[in-house]
Every structure is written in C-alpha cells, then in structure tokens.
C-alpha cells in the first residue's frame, strides 16, 4: 500500500465535526498521517503555542487559523472561551481541527474540551499524538524503560491548576522506575528536594530537555541533587521536560540527535519531502 492509499483508509474531515488532533512534541514529521489529512481538509484550525507552524500550514489557504496560546499559566484565551469557540464553529457546520501539542489526552486538557463538545451534542474524534515524554526522551537518547534500570514509567505535571505542588511524592519516588515531569521547570528545585525527601537518592541520574525534537533542543544532565543548579547554569528555559531515573544515565552513550542551535524554530523543508506531503494531503 502506498502512502496516499494509506492516508485514504478512513474518511476525511466532515462538516460540523471537531477533531482533537495531537500535533506531537515539536518535530512536524512526528504528526500522524491521520492528523495531517485532517488538517489538510480543515476549514478552521485552532492551535496551541507549541504546534509547529509547518503543521498549521498544511491547512488550505482559505482555512481560518486561530491561535489560542495555551502555555502554563499564560493562556491567550481562557479554557471556557476555547470551548465556546470550538462549539460555535462546529455548530456553523464547519470542519474544525483543534491542534494540541503532544497528545490531547496527556496534560493537554483534551478531556475537558471533549466533555464540553459532547455536552453540546457535537461529534468529536480524538487523534492521538506522540506525547512529549515519548518523543522528547527518544530524541534525547533516554529510553523510558530498560530492563536494567526501569520497569515502569510515571508521568506527572509540575503545574497544578491551584498552584499547589501536592503530588503523591512516595509514589513518584519509588525505585526502579522512570519519572517524567511535564511543565515542572519553574518548580524544579522544590521538585528535586521533595523527591529526595521521600527516598530517592540525591545521586539518581536526572535531566531536563528544552524544546525537545526541534533544532533548538538542549539537554542538561546531572544528579537529582545537583540538577536545579545545572539547569540554571546552562540557562535552560521552558518549554522543557524533566526525566528522573537510572535511564538518564544512558544519555551520554545513546544521544543521537544533533540539533542545530542556529536553525530557525521550525524545520525547513527537506529535499524530497514535497512529494510525500503532497501524497498525504492531496487525497
């Protein structure tokens, strides 16, 4: 089966429907075929801060593009207004794609948006995306599981809606697991201290990846006890993902991605990619 044929297995976007599409962690080539096809057929694209411009540009020239921001503690539109925007365009009979960084259902508030849409009686489809934990760790050469280091993985958020950092620390500090923390860099010192307080050795390998999977990717690796100081020294800033556990110790040997710090924030088109993109979108 060819790429265009594979992209035609299911129907394209339908009028009056809303598609919650995971755009992946940054590299536009990590968008799924289903996601690319839906964007290419959209009449309205509502997108978040971390979605690659190259993904948004898959939409037809006539499509309405609406930026709604969505960074931790810095929302261009409140969530309630985003919900209302989705409902209004769908009720107008338009093909609506809601592009969300990573995966819609992993710290993306996709569940809240879907609840609002279904309560309004609208048809919704969820298109999973490569979540930041999986994509960014892979580009950093950090396997989330490894039979010698980690038999389980836990995802947690460092940004709670009430500003509190009341997590299940004993569970997060269990040995032989990998802990991935989304949106935690602003509270990194406190997070590291709480993990050590609840039993993780200060010598545990830990790392922070800034703008993972993009040409601006930077990685700071240290021990749990010294991570906050190393991140400050390196000038690592959000958006960034924190990984804690023995698997981080593999980074020096497994790092494979060679980002170009001087490259633009969006990937430039590669030679030979035009036909592939045409095969996915023009169907």
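Numbering (the numbering used here), first residue to last: 1000 to 1282.
Quick reminder that beta carbons are idealized off the backbone N, C-alpha and C, glycines included.
Could you check what DSSP says for residue i in three-state terms: helix, strand or coil?
i	result
residue 1045	strand
residue 1219	strand
residue 1235	coil
residue 1204	strand
residue 1197	coil
residue 1190	helix
residue 1159	coil
residue 1018	strand
residue 1165	coil
residue 1023	strand
residue 1141	coil
residue 1150	coil
residue 1050	coil
residue 1012	coil
residue 1076	coil
residue 1064	strand
residue 1097	strand
residue 1273	Any reading at residue 1273 needs caution, since the residue's pLDDT is 35, under 50, leaving its predicted position unreliable; the model's value is listed next. Three-state DSSP puts residue 1273 in a helix.
residue 1057	coil
residue 1253	helix
residue 1030	coil
State the CB to CB distance for the pair residue i and residue j, rounded to an integer number of angstroms; the pair is presumed to be in contact (CB under 8 Å).
i	j	result
residue 1093	residue 1014	7 Å
residue 1129	residue 1024	6 Å
residue 1131	residue 1211	7 Å
residue 1047	residue 1021	With a Cβ gap of about 11 Å, residue 1047 and residue 1021 do not count as contacting.
residue 1243	residue 1203	6 Å
residue 1116	residue 1085	6 Å
residue 1033	residue 1126	5 Å
residue 1171	residue 1164	So it is not a contact: roughly 11 Å between Cβ atoms.
Using CA coordinates, which residue listed in the options is at the minimum distance from residue i?
i	options	result
residue 1059	1041, 1088 and 1076	1041
residue 1016	1111, 1037, 1139 and 1095	1095
residue 1285	1065, 1209 and 1126	The question about residue 1285 has no answer, for the chain in this structure spans 1000 to 1282.
residue 1190	1177, 1224 and 1214	1224
residue 1186	1057, 1230 and 1030	1230
residue 1248	1086, 1034 and 1147	1147
residue 1183	1151, 1031 and 1227	1227
residue 1246	1085, 1137 and 1236	1137
residue 1197	1179, 1173 and 1214	1173
residue 1009	1028, 1117, 1035 and 1026	1035
residue 1150	1110, 1168 and 1176	1176
residue 1215	1135, 1063 and 1221	1135
residue 1158	1037, 1115, 1133 and 1107	1107
residue 1102	1061, 1018 and 1115	1018
residue 1140	1011, 1256 and 1012	1256
residue 1237	1049, 1110, 1064 and 1167	1049
residue 1054	1125, 1043, 1038 and 1061	1038
residue 1250	1220, 1234 and 1233	1220
residue 1066	1164, 1044, 1234 and 1079	1044
residue 1114	1133, 1078, 1088 and 1100	1078
residue 1100	1188, 1027 and 1168	1027
residue 1029	1062, 1110, 1133 and 1241	1133
Have a look at residue i and residue j and give me their C-alpha separation to the nearest angstrom.
i	j	result
residue 1206	residue 1120	44 Å
residue 1201	residue 1081	42 Å
residue 1142	residue 1123	33 Å
residue 1112	residue 1105	13 Å
residue 1181	residue 1239	7 Å
residue 1076	residue 1252	43 Å
residue 1282	residue 1031	Legend: pLDDT at residue 1282 = 34, less than 50; position of this residue unreliable, no value from coordinates given.
residue 1155	residue 1098	22 Å
residue 1258	residue 1213	7 Å
residue 1192	residue 1199	10 Å
residue 1145	residue 1118	42 Å
residue 1222	residue 1011	48 Å
residue 1194	residue 1088	45 Å
residue 1268	residue 1254	Unreliable placement is indicated for residue 1268, whose pLDDT of 48 sits below 50; no coordinate value is reported for it.
residue 1234	residue 1064	33 Å
Quick one: is the Cβ of residue i within less than 7 Å of any heavy atom of the ligand PLP?
i	result
residue 1114	Questions concerning the ligand PLP fall outside what the structure shown contains, since it holds no ligand whatsoever.
Is residue i close to chain C? Criterion is C-beta to C-beta, closer than 8 Å.
i	result
residue 1136	Going by chain labels, chain C is absent from the structure shown, which holds only one protein chain.
Task: Within the segment 1099-1137, ranges of the beta strand (DSSP E) (whole runs, at least 3 residues) - done: If only uninterrupted beta strand (DSSP E) runs of at least 3 residues are considered, those enclosed by the segment 1099-1137 are 1122-1126.
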